[in-house]
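Okay, so here's the structure we're looking at.
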């Protein structure tokens with residue numbers, strides 16, 4: 465059995481989020497939660513929330529069976545680029561610099577160890 469969780473429009477660049485997601489790909493779910501909880505990067509909050517949601521989605525699919533987080537692992541985790549918000553910042557001599565505020569979409573799939 466597997467379940468997925470998707471979080472869209474996260475206010476972090478995809479490049480920074482991929483650094484965090486590469487840490488947990490293929491890990492056991494409980495170990496991945498520990499890694500995300502104690503990591504100092506800003507993106508880990510959104511990743512931890514999405515991982516907890518994926519675990520909850522798997523537990524809610526079949527309420528008759530009891531599933532422990534130790535029995536789960538992160539099967540897939542990937543980051544896609546979201547829309548980029550463009551802003552203008554004033555620059556010297558009447559010029560303007562473009563500021564690109566990037567966003568990303570995060571998908572995490574957890575599955576049972578069978």
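Numbering (our numbering), first residue to last: 465 to 578.
Here a beta-carbon is modelled for each residue, glycine too, at the ideal position from N, C-alpha and C.
Asked                                                                                                                                              : Found
Quick check: residue 539 and residue 575, are their CB atoms within less than 7 Å of each other?                                                   : yes
Can you round the beta-carbon distance between residue 525 and residue 467 to whole angstroms, since I take them to be within the 8 Å contact cut? : 6 Å
Give me the residue from 486, 465 and 562 with the minimum Cα distance to residue 505.                                                             : 486
Can you check DSSP and say which residues form a bridge with residue 560?                                                                          : 554
By the 10 Å Cβ neighbour count, where 16 or more other Cβ atoms means buried, how is residue 554 classified, buried or exposed?                    : exposed
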